[in-house]
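Peer 1: Attaching a single structure in structure tokens format; questions to follow.
2 protein chains.
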Amino acid sequence: MRAAEHPDLTEIGLTEVMAALSDPIRVGLVRVLADGEERGWGELRAPIAKSTLSHHLRVLRDAGLTRTRKEGTRCWVTLRGDDVEARFPGLLSAVLTAAQADGTGHQVSVDTD
Amino acid sequence: MRAAEHPDLTEIGLTEVMAALSDPIRVGLVRVLADGEERGWGELRAPIAKSTLSHHLRVLRDAGLTRTRKEGTRCWVTLRGDDVEARFPGLLSAVLTAAQADGTGHQVSVDTD
DNA sequence: CGAATCGTTCGATGTTCGTAGAACGTCGAA
DNA sequence: TTCGACGTTCTACGAACATCGAACGATTCG
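Each protein sequence line maps, in turn, to chains A and B.
For the first sequence, our numbering begins at 1 and goes up steadily by one.
For the second sequence, our numbering begins at 1001 and goes up steadily by one.
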């Protein structure tokens, strides 16, 4: 039932990572998290239903790109920048640079309180 | 009907590139072409039907990752390494490094005559 | 306890994708 | 011109995917 696990460093697969980053919404989420700050689920803004957002966050989590921490009813999301960098050096920063140049993921933002 | 065009440099989109590279066979094809050499269609070896190979090469071409040149009945494929590098610096080399570390695309080879 | 909040999961829907085989178009060779 | 080689396109199909609304489970608050 529950496949919502955080894969270990060595279990992060390139195909899954690339597939996860082939959707604009998910790239936008990664961009929002790119500064390393932990973000609250509810702060994330994207033009999709919350069930769809939950789905995208799960794909990112399963791919090993993000980590989710629960705290009461809320949860917090962080980018696993160091892990991905260790596994696939230069990949994440290249994608982030590309996304910025390309505008991919602009539809996602965050309510900075 | 025919969408098999080579996109211009500025038309290369990140989402399309990432989607193209989210399939192991296509990553393998890119790896085979990574040395910059032009390869003959018929030299490419992958455990798939030729119609499927044609499909994958089309996806790569449409994404702007490869260029196809026809010569008589044969055609030759090259990686658009410089173009992709100009558009998304560091992305391709990071993916190639990652693929090698990960083993992604090992199923594809080339008959070096 | 009861109500509200938060995020996940379920069910359904329409789309896209990877795959293969068959038919086709093109070109070079006999 | 007839034949064979080469690569593309067509058609089909099952799997995976993005999306939504509704229902659910957990937790906090009144």
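In this text, a Cβ means the ideal position worked out from N, Cα and C, and glycines have one as well.
Since the structure is predicted, the reported quantities are computational estimates derived from the model, not experimental observations.
With 7 Å as the threshold, decide whether the Cβ of residue 133/A is near any Cβ in chain B.
Peer 2: The displayed coordinates of chain A run from 1 to 113. Any statement about residue 133/A would go beyond what the structure contains.
Peer 1: Closest by CA to residue 1029/B, which one among 1045/B, 1016/B, 1019/B?
Peer 2: Among 1045/B, 1016/B, 1019/B, the Cα nearest to that of residue 1029/B is on 1045/B.
Peer 1: Looking at C-beta atoms only, is the number of pairs between the segment 49 to 61 of chain A and the segment 85 to 98 of chain A that lie closer than 8 Å three or more?
Peer 2: Touching, no.
Peer 1: Is residue 1102/B buried or exposed, if buried means 16 or more other CB atoms sit within 10 Å of its CB?
Peer 2: It is buried - the Cβ of residue 1102/B has at least 16 other Cβ atoms within 10 Å.
Peer 1: Give me, in chain order, the residues of the same chain whose beta-carbon lies closer than 7 Å to that of residue 1078/B; leave out the 5 immediate sequence neighbours on both sides.
Peer 2: Cβ within range, chain order: 1033, 1038, 1066, 1067.
Peer 1: When you compare only the Cα positions, how much space is there between residue 1073/B and residue 1100/B?
Peer 2: When rounded, the distance between both Cα atoms is 33 Å.
Peer 1: Going by C-alpha distance, which of 1017/B, 1080/B, 1020/B is nearest residue 1036/B?
Peer 2: Nearest option by C-alpha distance: 1080/B.
Peer 1: Could you name the residues of chain A that residue 1097/B contacts, counting a contact when the two beta carbons are closer than 9 Å?
Peer 2: Residues of chain A passing the Cβ test: 88, 89, 90, 91.
Peer 1: Please confirm if residue 60/A has its CB atom under 7 Å from at least one CB of chain B.
Peer 2: Residue 60/A does not count as touching chain B.
Peer 1: Could you tell me the distance, in whole angstroms, from the CA atom of residue 17/A to the CA atom of residue 1075/B?
Peer 2: The straight-line gap from Cα to Cα measures roughly 32 Å.
Peer 1: Could you tell me which uninterrupted beta strand (DSSP E) segments, each at least 3 residues in length, are contained entirely in the segment 29 to 93 of chain A, listed from first to last along the chain?
Peer 2: With a minimum length of 3 residues, the continuous beta strand (DSSP E) runs that stay inside the segment 29 to 93 of chain A are 66 to 71, 74 to 79.
Peer 1: Using C-beta distances below 7 Å, list every residue in its chain close to residue 1104/B, excluding the 5 sequence neighbours before and after it, in chain order.
Peer 2: The answer, listed in chain order, is 1024, 1027.
Peer 1: Would residue 46/A pass as an interface residue toward chain B - the criterion being a Cβ-Cβ separation below 7 Å?
Peer 2: Closer than 7 Å: no.
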